[in-house]
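S.K.: Add 6 to the 1-based position in the sequence shown for the numbering used here, that's all there is to it. Even glycine gets a Cβ: it sits at the ideal position worked out from N, Cα and C. Here it is: the structure, laid out below.
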Amino acid sequence: MTAVAVVSLETEILAALATVMDPELDQPITELGFVRSVAIDDDGVTVHLRLPTAFCSPNFAYLMASDALDALQVLDDLGEVRVLLDDHHDSDKINAGLAAAAGYRGTFGSEAEDSLDELRTTFLRKAHVAAMERAVAVLMRREALAPGETHRVTLRDLPDGPEKSALLRRRFVLGLSMCPNARVVVDDDGNPLSPEQTPVRLRFARSVRISMEGNAHFCRGLLATRYTDGSGEADTPALSNTRTSNTRTSNTRTRSPR
């Protein structure tokens with residue numbers, strides 16, 4: 007028996023945007039309130055993004071906008087996809103570069119200090135370090151694990167849950183070992199650490215995680231101050247849809263009762 011699942015176009019678009027992460031905060035731009043609006047019509051989709059301040063780092067801003075464009079362009083039958091960054095001091099430059107598919111260096115020219123791949127890898131490694139500390143902290147609380155034993159912890163030892171899932175996702179993206187017997191506390195290249203090195207690595211990881219979480223809280227406050235009266239409405243994108251056909255259908259197999 008085949009069940010037909012009906013998915014609204016708005017839901018599909020928001021789900022795609024939810025895969026885009028703020029590179030420094032390692033949180034989805036949809037949860038941070040960075041998606042200002044989504045407008046759907048018969049020609050395509052226009053998404054407006056906004057940031058907590060006008061002077062947020064241009065390379066972060068470009069990375070998020072470019073990732074949002076990529077996330078939407080893989081969806082079927084959207085038509086023309088436009089992603090626009092609002093109220094940033096480099097909005098015009100970034101929007102023109104995205105529209106022309108000029109790439110990061112083509113957009114910023116000599117101002118582009120690093121390649122986009124280098125920038126992305128730097129923040130993926132930070133996200134991995136923070137996820138590693140969260141996963142180990144959960145295990146230590148549940149199993150009363152002593153700090154001197156953390157160098158032995160493997161992926162198999164971690165309890166199932168969001169912390170382990172997040173760590174595995176980041177290891178996969180970075181190309182680190184996914185073997186259940188792989189050590190959890192590793193260096194940036196995935197090499198296991200000695201008993202002496204492990205506590206130092208975890209203290210560093212904790213500082214990275216606390217910094218990221220604090221920055222995320224700070225950015226939410228700045229965004230709310232910039233765009234709302236404190237009511238929290240900045241977190242929810244404005245949606246408009248004038249397209250004639252607004253739903254997708256997908257077939258999922260279900261077993262017929264016997």
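Look at the Cβ atom of ALA230, then the Cβ atom of LEU31, and state whether they are nearer than 8 angstroms.
M.R.: For this step, residue 230 is matched to residue 224 along the sequence shown. For this step, residue 31 is matched to residue 25 along the sequence shown. No, the Cβ-Cβ distance between ALA230 and LEU31 is not below 8 angstroms.
S.K.: Report all residues from its chain with a CB closer than 7 angstroms to the CB of ASN187; omit the five preceding and five following residues, and keep chain order.
M.R.: On the sequence shown, position 181 is the one that residue 187 refers to. Hits under 7 angstroms: THR160 and ARG162.
S.K.: So what's SER44 in DSSP terms, helix, strand or just coil?
M.R.: Position 38 of the sequence shown holds residue 44. It should be noted that the sequence gives Val, not Ser, for residue 44. It is a strand residue.
S.K.: So, for GLU202: in the same chain, excluding its five sequence neighbours on each side, which residues have a beta-carbon less than 8 angstroms away from its beta-carbon?
M.R.: Locating residue 202 in the sequence shown gives position 196, where the first residue counts as 1. Counting only Cβ-Cβ distances below 8 angstroms, and skipping sequence neighbours, we find nothing.
S.K.: Terminal residues of the continuous beta strand (DSSP E) containing ALA247?
M.R.: The count along the sequence shown starts at 1 and reaches residue 247 at position 241. The sequence shown places Asn at residue 247, rather than the Ala named in the question. Counting along the chain, the beta strand (DSSP E) containing ASN247 begins and ends at 244-247.
S.K.: Would you call the CB atoms of THR204 and ASP48 closer than 8 angstroms?
M.R.: The residue you call residue 204 lines up with position 198 of the sequence shown. The residue you call residue 48 lines up with position 42 of the sequence shown. No, they are not a contact pair.
S.K.: What first and last residue would you give for the beta strand (DSSP E) that runs through GLU86?
M.R.: The count along the sequence shown starts at 1 and reaches residue 86 at position 80. Its beta strand (DSSP E) spans residues 86-91.
S.K.: Around the Cβ of CYS185, are there at least 16 other Cβ atoms within 10 angstroms (buried) or fewer (exposed)?
M.R.: For this step, residue 185 is matched to residue 179 along the sequence shown. CYS185 should be labelled exposed.
S.K.: According to DSSP, simplified to helix, strand and coil, what is ARG264?
M.R.: Residue 264 sits at position 258 when you count from the first residue of the sequence shown. Since pLDDT at ARG264 reaches only 38, below the 50 mark, its modelled position is unreliable, and no value is offered.
S.K.: Apply the 10 Å Cβ neighbour rule to PRO58 and answer buried if 16 or more other Cβ atoms are within range, or exposed otherwise.
M.R.: Translated into positions along the sequence shown, residue 58 becomes position 52. By the 10 Å Cβ count, PRO58 comes out buried.
S.K.: Tell me the DSSP bridge mates of THR160?
M.R.: Here residue 160 corresponds to residue number 154 of the sequence shown, with the count starting at 1. Note: THR160 sits in a beta bridge opposite ARG189.
S.K.: For VAL144, which residues from the same chain have a beta carbon less than 6 angstroms from its beta carbon, with the 5 sequence-adjacent residues on both sides left out?
M.R.: As a working mapping, residue 144 is identified with position 138 in the sequence shown. Same-chain partners within the cutoff: GLU169.
S.K.: Going by other Cβ atoms of all chains shown within 10 Å of its Cβ, with 16 needed for buried, is PHE114 buried or exposed?
M.R.: As a position in the sequence shown, residue 114 is number 108, starting the count at 1. Flag for PHE114 reads buried.
S.K.: So, helix, strand or coil for VAL80, using DSSP?
M.R.: Numbered from its first residue, the sequence shown carries residue 80 at position 74. Here VAL80 sits in coil by DSSP.
S.K.: By Cβ distance below 7 angstroms, which residues in the same chain neighbour MET1 in space, the five residues on each side in sequence not counted?
M.R.: What is shown of the chain runs 7 to 264, which leaves residue 1 out entirely.
S.K.: Closest to LEU69 by C-alpha separation, out of ASP82, ALA45, SER97 and LEU84, would be which residue?
M.R.: Mapped onto the sequence shown, residue 69 falls at position 63. Selected option, being the one with the closest Cα: SER97.
S.K.: Helix, strand or coil: how does DSSP classify SER14 here?
M.R.: Residue numbering aside, residue 14 sits at position 8 when the sequence shown is read from its first letter. Strand.
S.K.: Note the first and the last residue of the continuous beta strand (DSSP E) segment covering VAL51.
M.R.: Mapped onto the sequence shown, residue 51 falls at position 45. From DSSP, the beta strand (DSSP E) with VAL51 extends over 50-55.
S.K.: Taking all protein chains shown into account, do 16 or more other C-beta atoms lie within 10 angstroms of the C-beta of SER213, making it buried, or fewer, making it exposed?
M.R.: As a working mapping, residue 213 is identified with position 207 in the sequence shown. SER213 is exposed by the Cβ-count criterion.
S.K.: Where does THR255 land, buried or exposed, given buried means 16+ other C-beta within 10 angstroms?
M.R.: For the purposes of this step, residue 255 is identified with residue 249 of the sequence shown, where counting begins at 1. Only weak support is given to the placement of THR255: the predicted model assigns it a pLDDT of 47, under 50, and the question is left unresolved by the model.
S.K.: How many angstroms separate the CA atom of ASP3 from the CA atom of SER200?
M.R.: Here the chain covers residues 7 to 264 and nothing more, so residue 3 does not appear.
S.K.: Reducing DSSP to helix, strand and coil, say where PRO205 ends up.
M.R.: For the purposes of this step, residue 205 is taken as the residue at position 199 of the sequence shown. Correct three-state label for PRO205: helix.
S.K.: For THR36, is the classification buried or exposed, using 16 other Cβ atoms within 10 angstroms of its Cβ as the cut-off for buried?
M.R.: Against the sequence shown, residue 36 aligns to sequence position 30. So THR36 ends up on the buried side.
S.K.: Anyone know if the C-beta pair for LEU272 and ALA74 falls short of 8 angstroms?
M.R.: Lying outside 7 to 264, the shown extent of the chain, residue 272 is not represented and no answer is given.
S.K.: Answer yes or no: do ALA136 and ARG215 have a C-beta to C-beta separation smaller than 8 angstroms?
M.R.: Here residue 136 refers to the residue found at position 130 of the sequence shown. Here residue 215 refers to the residue found at position 209 of the sequence shown. Going by C-beta atoms, ALA136 is nearer than 8 angstroms to ARG215.
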